[in-house]
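Notes for the one structure printed next.
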Amino acid sequence: MSIRDTELLAIAPPRSVPTPAIDGCKGVSPCPTSPRDTEGEPIDDGRAEQTLAPVDGGSAAWRLLCAAFVFEALFWGFPLSFGVFQEYYSTVPEFANNRYISVVGTIASGFGYLGAPVIMPFIQRYQRWRRRMIWVGWSICIAGLAAGSFASTLEVLILTQGVAYGIGFLIFSFPILTMVNEYWIARRGMAYGVLFSASGVSGSVMPFILQALLTKYGYQTTLRAVAVALTLLTGPFIPLLKGRLPPSEQASIPKINWAFFQSPLFWMYSVSTLLQGFGYFFPSLYLPSYATSVGLSGKMGALLLALMSVFQVGGQFLFGFLSDRRVPVNVLACSSTIVAATACLTLWGLAKSLPVLIIFSIVYGFFGAGFTATWARMSTAVTDDVTAGPIVFTLFNFSKGIGNVLAGPIGGTLVSMSKSTEMPSSSYRWVIVFTAVSMFASALTIFLRFAKYLRVLVTL
Numbered sequence: 002m003s004i005r006d007t008e009l010l011a012i013a014p015p016r017s018v019p020t021p022a023i024d025g026c027k028g029v030s031p032c033p034t035s036p037r038d039t040e041g042e043p044i045d046d047g048r049a050e051q052t053l054a055p056v057d058g059g060s061a062a063w064r065l066l067c068a069a070f071v072f073e074a075l076f077w078g079f080p081l082s083f084g085v086f087q088e089y090y091s092t093v094p095e096f097a098n099n100r101y102i103s104v105v106g107t108i109a110s111g112f113g114y115l116g117a118p119v120i121m122p123f124i125q126r127y128q129r130w131r132r133r134m135i136w137v138g139w140s141i142c143i144a145g146l147a148a149g150s151f152a153s154t155l156e157v158l159i160l161t162q163g164v165a166y167g168i169g170f171l172i173f174s175f176p177i178l179t180m181v182n183e184y185w186i187a188r189r190g191m192a193y194g195v196l197f198s199a200s201g202v203s204g205s206v207m208p209f210i211l212q213a214l215l216t217k218y219g220y221q222t223t224l225r226a227v228a229v230a231l232t233l234l235t236g237p238f239i240p241l242l243k244g245r246l247p248p249s250e251q252a253s254i255p256k257i258n259w260a261f262f263q264s265p266l267f268w269m270y271s272v273s274t275l276l277q278g279f280g281y282f283f284p285s286l287y288l289p290s291y292a293t294s295v296g297l298s299g300k301m302g303a304l305l306l307a308l309m310s311v312f313q314v315g316g317q318f319l320f321g322f323l324s325d326r327r328v329p330v331n332v333l334a335c336s337s338t339i340v341a342a343t344a345c346l347t348l349w350g351l352a353k354s355l356p357v358l359i360i361f362s363i364v365y366g367f368f369g370a371g372f373t374a375t376w377a378r379m380s381t382a383v384t385d386d387v388t389a390g391p392i393v394f395t396l397f398n399f400s401k402g403i404g405n406v407l408a409g410p411i412g413g414t415l416v417s418m419s420k421s422t423e424m425p426s427s428s429y430r431w432v433i434v435f436t437a438v439s440m441f442a443s444a445l446t447i448f449l450r451f452a453k454y455l456r457v458l459v460t461l
C-alpha cells in the first residue's frame, strides 16, 4: 500500500471552544499556561482561525509535502524492490528450497491495502494521536528490518521483514495521508503528482543499491544497513509531519450511508479489483529471478524493476488525468488490464533476451499500474454520498490487498508446479499464465456487466 494509492479522506475540523484570552501574567501567581494536548501541541483556544497555516502553499504546506515525499520514496520504495531480495534469497542455503519466499514481500506491501478500512476510521475519530502513530509505525518498520537481519528461517523473515514492516507502514502512512489532505485542497492534484513521483524516484535507484549490497555483503548486513539508513534519512523529517488543524479529543464523524452495498456496481468493481490484485504483483516479484534464469545478471534484474517502477508513475498519472477528463472509467479499467494481460502472454511469456524484457517492463508497468488510478472515479460511480465515497475507496484497497497477500503463496505453488529439467525459465510459465488470466478476468467482470447492452445493439 502506498500513499499514492489511497484517496485522501476529508476529516472535519474540530470545533473550538472559545476561552478568555490571557494577555499576560502580571500580578498572577502561578502564571497560567496554555493547555497542551497529548502531542505537546497547544490546544485551540478560540484564536485558531487567526493562526492556521495557509492551504495550497506556504512554508508549512511545502515542508509537510516534502517530508511525506521522503517517507513515500524510501519506505514504499523498499517493498517495491523486493524482487531483488526474492532472487537473492533463492540462492541462500537457508531459504533456497522454500517456495514461499515471495510471501515476505507480498505481506510487507499488502498490509497497507488490507488495513485501509480499519485504520482510516480510527484516525478520523482520534486525530490527536496521529503524530504518535507516526513514531510508533516508523519504529516498528525499522525494528522489523533489524530483527530480520538475524533470521535464519523463512518463518522469521516473514514475521520481521514481512509482517512487522507491513504493520509499521500501515500505522504511519495513513496519518501522514490525512495531514497532506489538510494542507492541500484546491491544489491536491499537484500534491498527488509530487507523491506519485516519489516511488518512481526511489524505484529507479533502490533496486541497484540493494542488489549491490546483497551481492557484496549478504542479506544480514544489507537489512541492518537499510534499517540504519532509513533511521538517519527519515528520522529528521518526523518533526515536520504536523497537521494543519488543531487536534481534537474525538472528532465528530457523520453517520455513514451503507446503501452502496446494494449497488451492483460496487460488487462488480470490487470483484474486478480483487482479480486484478491476484495477478498484478507477480512481475515485480519474479522478473529478477526470471532474468537470471535466461542468463542475465542480477544488475539487469534490478534494471527491469527500476524501469517498471518509473513507468508505473507515468501510467497512474495518465490514467488519472484521463479519468478526470471524463473518459469512461470502464474503458480505462479494461484497457489497463487487457493490455497488461496481453503483454504477459506475448512479451514476458516469450522473452529470452534483455530488450524484450525491457519492453515488457515498460508496457506492464505503465498499463498495469493505471488501474488503481481509476478507483476514485469508480467510487463516485458507485455512490455520490460524501460519507460513503471514502469507505468505498478503502474497500477497493482491501480487495486489492487480498490479492497482494495471497500472491506470495499462490506464486510459490505455481513455480513449484512448473519445475522442469528443461529450461530454467520454464519454471515461471504458470506464473505468467496466472497473471494474464487474472488480468483478463478482471476486464471480463466489467465487460459482462454491460454485455446486455451490446446484445440489444446487435439485435437492432
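In this note's numbering, each number is its position in the sequence shown, counted from 1, plus 1.
The beta carbon of each residue, even a glycine, is placed where N, CA and C say it ideally should be.
| query | result |
| --- | --- |
| GLY402 and LEU115 closer than 7 Å at C-beta | yes |
| Helix, strand or coil at LYS243 according to DSSP, with G and I counted as helix | coil |
| Within the stretch 43-110, ranges of the alpha helix (DSSP H) (whole runs, at least 4 residues) | 49-52, 60-72, 78-81, 83-90 |
| Rounded distance between the beta-carbons of PHE112 and LEU158, thought under 8 Å | The pair is not a contact, with the Cβ atoms about 15 Å apart (cut-off 8 Å). |
| Delimiting residues of the alpha helix (DSSP H) encompassing LEU346 | No alpha helix (DSSP H) contains LEU346, which DSSP labels as neither H nor E. |
| Helix, strand or coil at PHE197 according to DSSP, with G and I counted as helix | helix |
| Cβ-Cβ distance between SER82 and PRO208 below 7 Å | yes |
| Runs of alpha helix (DSSP H) wholly within the stretch 347-380 (minimum 4 residues, chain order) | 355-370 |
| Reduced DSSP secondary structure (H/G/I, E/B, other) of ALA187 | coil |
| C-alpha gap between GLN221 and LEU146, whole angstroms | 9 Å |
| ARG327, DSSP secondary structure in three states | coil |
| Residue environment, TRP259, which counts as buried when at least 16 other CB atoms sit within 10 Å | exposed |
| SER487 versus ARG245 - alpha carbon distance | The question about residue 487 has no answer here: the residues shown for the chain are numbered 2 through 461. |
| Same chain, Cβ closer than 6 Å to GLU95, five either side skipped, listed in chain order | SER153 |
| Counted within 10 angstroms of its Cβ, other Cβ atoms place THR446 as buried (16 or more) or exposed | buried |
| Nearest residue (CA-CA) to ARG450, options ALA68, SER150, SER273, PHE238 | SER273 |
| Own chain residues within Cβ distance below 8 Å of PRO118, not counting five before or after | ILE392, THR395, LEU396, ASN398, PHE399 |
| Cβ separation of VAL383 and PHE197, assumed to be a contact under 8 Å, to the nearest whole Å | Not a contact, Cβ separation roughly 24 Å. |
| The stretch 301-318 touching the stretch 366-375, judged by at least three CB pairs closer than 8 Å | yes |
| Start and end residues, alpha helix (DSSP H) containing ASN398 | 390-418 |
| Expected contact under 8 Å - CB spacing of LEU345 and TYR365 to nearest Å | It is worth fixing the name first, because residue 345 is Cys in this sequence and not Leu. Right, their Cβ atoms sit about 7 Å apart. |
| Coil, strand or helix - GLU40 by DSSP | Annotation note: pLDDT 49 at GLU40 (below 50); position unreliable, coordinate value reported separately. Residue state, collapsed to three classes: coil. |
| Inter-residue spacing [alpha-carbon to alpha-carbon] between MET121 and THR388 | 13 Å |
| Straight-line Cα distance separating ALA54 from VAL104 | 43 Å |
| C-beta contact flag for SER362 and MET309 at 7 Å | yes |
| MET269, buried or exposed, once every other Cβ within 10 Å from all chains shown has been counted against 16 | buried |
| CB of SER150 within 7 Å of CB of ARG225, strictly | yes |
| Top-ranked residue by Cα proximity to SER320, from SER337, SER110, SER271, TYR90 | The sequence shown places Phe at residue 320, not Ser. The residue with the shortest Cα to Cα distance from PHE320 is SER337. |
| Cβ contact check for the stretch 125-134 and the stretch 209-216: 3 or more pairs under 8 Å | no |
| Rounded straight-line distance, which links the Cα of SER110 to that of PRO329 | 29 Å |
| Within 7 Å, strictly: CB atoms of SER324 and ARG378 | yes |
| Nearest candidate by alpha-carbon position, reference GLY59, set LYS243, LEU415, TYR184 | TYR184 |
| First through last residue of the alpha helix (DSSP H) which encompasses ILE1 | Absent from the model: residue 1. The displayed extent of the chain is 2 to 461, so no value can be given. |
| GLY68 and PHE238 closer than 7 Å at C-beta | Inspection of the sequence shows that residue 68 is occupied by Ala rather than by Gly. A contact, by the Cβ cut-off of 7 Å. |
| Closest Cα partner of PHE72 within the set ALA61, CYS142, LEU297 | CYS142 |
| Cut-off 7 Å between Cβ atoms - residues of its own chain near ILE177, not counting five sequence neighbours on either side | ILE4, ALA69, PHE72, ILE135, LEU242 |
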